[in-house]
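Let me begin by presenting the structure, written as structure tokens, before commenting on it.
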Amino acid sequence: MKRISIAIDGPAAAGKSTVAKKLAEKLSYLYIDTGAMYRALTYLALQNGIDVHDEQALLKLLRDTYIELKPSEKGQLVFVNGEDVTNVIRGEAVTNHVSFVAKHPLVREEMVARQQALGANGGVVMDGRDIGTHVLPHAEVKIFLKASVEERARRRHAENIARGFASDFETLKEEIARRDQIDSERQVAPLTKAEDAVEIDTTSLTIDDVVCEIMKIVNERI
Ligand code: C5P
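Counting in the UniProt record's numbering, the final residue of the sequence shown is number 222, and the numbers go up one at a time with none missing.
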């Protein structure tokens, strides 16, 4: 059976990573959460007092940084230079700065090269904002997931509480809308649906519904 590439894009908290993880599990494919890579760099920048608007400093930091995504039973673990940052990169400080880090063209160039190397052999489910448009433009399956801001904030709120993070629904709604705006309006590789992507509105669907819909598309192409 052909081992294809599956690109999953969409705005913040649209369910991309949950869906991508399930798909990867079903297909025994590699799951790559590209948002975690931008979050890992943001975490390190904040730790080192590097300005998230300083492109050259961020690029230098990234070039000296080894980011690892390791599959585990609990999902994907994220390591930066050997440190397990899986949980801390989901916190408020990183979430509120990551879109500024991800705006820089040179940072994106380096990240995209790493992501393309990880996905070079196919058999991969990759999620992010620019996977179908820039990272894997030849992916056999491209999906664009969307959902209303209210629904996305509701899901993220529940997730935060389950992780033991403090969480306020209204603040989350504002943060998600702000992040979408920065990600959609940036000059390089903005958040946008690839022309050949299938759009799925997940607002009133369960995770399993979405996975099932995508699996139908995948089965036609393997
Ligand atoms: O997917 P997640 O919400 O963890 O992504 C965090 C941020 O990383 C996004 O808001 C966006 O600014 C950036 N990102 C990106 N391109 C990707 C994945 C994430 O710019 N492919």
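Glycine residues also receive a C-beta, built at the ideal position from the N, C-alpha and C atoms.
task: State the beta-bridge partners of Y31 as determined by DSSP.
output: Along the sequence shown, one-based indexing puts residue 31 at 31. Answer is V125, bridged to Y31.
- request: Could you check if Y66 is buried or exposed, using at least 16 other CB atoms within 10 Å of its CB as the buried criterion?
  value: If you number the sequence shown from 1, residue 66 lands on position 66. With fewer than 16 other Cβ atoms within 10 Å, it is exposed.
message: Can you tell me where the alpha helix (DSSP H) holding A158 begins and where it ends?
response: Taking the sequence shown and counting its residues from 1, one reaches residue 158 at position 158. A158 -> alpha helix (DSSP H) spans 149 to 163.
message: Does the distance between the C-beta of R129 and the nearest non-hydrogen atom of the ligand C5P fall short of 7 Å?
response: In the sequence shown, counting from the first residue as 1, residue 129 sits at position 129. Yes - the ligand C5P has a heavy atom lying nearer than 7 Å to the Cβ of R129.
- prompt: Assuming K146 contacts P11 under a Cβ cut-off of 8 Å, what Cβ separation, rounded to an integer in Å, is found between them?
  reply: By one-based count along the sequence shown, residue 146 stands at place 146. By one-based count along the sequence shown, residue 11 stands at place 11. Between K146 and P11 the beta-carbon gap is near 6 Å, inside 8 Å, which marks them as a contact.
- prompt: Between the segment 36 to 52 and the segment 103 to 116, do three or more beta carbon pairs fall short of 8 Å?
  reply: Short answer: they touch.
field: D9, enclosing alpha helix (DSSP H) - first and last residue
entry: Looking up residue 9 in the sequence shown gives position 9. From DSSP, D9 is part of no alpha helix (DSSP H) but of the beta strand (DSSP E) over 5 to 9.
- prompt: Taking Cβ to Cβ, would you say S204 is nearer than 8 Å to V124?
  reply: By one-based count along the sequence shown, residue 204 stands at place 204. By one-based count along the sequence shown, residue 124 stands at place 124. Going by C-beta atoms, S204 is not nearer than 8 Å to V124.
- prompt: Nearest to L30 by alpha carbon, out of G49, S72, L58, V210?
  reply: Position 30 of the sequence shown, counted from the first residue, corresponds to residue 30. Among G49, S72, L58, V210, the Cα nearest to that of L30 belongs to S72.
- request: For the beta strand (DSSP E) containing K146, list its first residue and its last residue.
  value: Walking along the sequence shown from the start, residue 146 turns up at place 146. Boundaries of the beta strand (DSSP E) around K146: 141 to 146.
message: Could you compute how far the alpha carbon of D33 sits from the alpha carbon of D183?
response: Start at 1 with the first residue of the sequence shown, and residue 33 comes out as number 33. Start at 1 with the first residue of the sequence shown, and residue 183 comes out as number 183. One C-alpha to the other measures close to 16 Å.
- prompt: Can you tell me the Cα-Cα spacing of D208 and F165, whole angstroms?
  reply: Locating residue 208 in the sequence shown gives position 208, where the first residue counts as 1. Locating residue 165 in the sequence shown gives position 165, where the first residue counts as 1. Rounded to whole angstroms, the separation of the alpha carbons of F165 and D208 is 26 Å.
task: With a 10 Å radius around its C-beta and 16 neighbouring C-beta atoms as the bar for buried, classify M1 as buried or exposed.
output: Residue numbering aside, residue 1 sits at position 1 when the sequence shown is read from its first letter. Under this definition M1 is an exposed residue.
message: Using a Cβ-based criterion (distance less than 7 Å to any ligand heavy atom), does D183 qualify as near the ligand C5P?
response: Along the sequence shown, read from residue 1 onward, the residue named residue 183 stands at position 183. Yes, the ligand C5P has a heavy atom inside 7 Å of this Cβ.
task: Report yes if the C-beta of R179 is less than 7 Å from at least one heavy atom of the ligand C5P; otherwise report no.
output: Here residue 179 refers to the residue found at position 179 of the sequence shown. Result yes, Cβ under 7 Å from the ligand C5P.
field: Strand pairing of L23, partner residues [DSSP]
entry: In the sequence shown, residue 23 corresponds to position 23, counting from 1. None, per the DSSP bridge assignment.
message: Please tell me whether residue 224 and T133 are closer than 8 Å, where the distance is taken between their beta carbons.
response: Given that the chain is displayed from residue 1 to residue 222, the structure contains no residue 224 and the question cannot be resolved.
query: Between G35 and the ligand C5P, is the CB less than 7 Å from at least one heavy atom?
result: Taking the first residue of the sequence shown as position 1, residue 35 is located at position 35. G35 has its Cβ nearer than 7 Å to a heavy atom of the ligand C5P.
- request: For the beta strand (DSSP E) holding Q115, just list the boundary residues, first then last.
  value: Looking up residue 115 in the sequence shown gives position 115. Bounds of any beta strand (DSSP E) do not take in Q115; it lies within the alpha helix (DSSP H) bounded by 105 to 118.
- request: Report yes if the C-beta distance between S99 and R179 is below 8 Å; otherwise report no.
  value: As a position in the sequence shown, residue 99 is number 99, starting the count at 1. As a position in the sequence shown, residue 179 is number 179, starting the count at 1. Yes; because the gap between Cβ atoms is below 8 Å, this pair is in contact.
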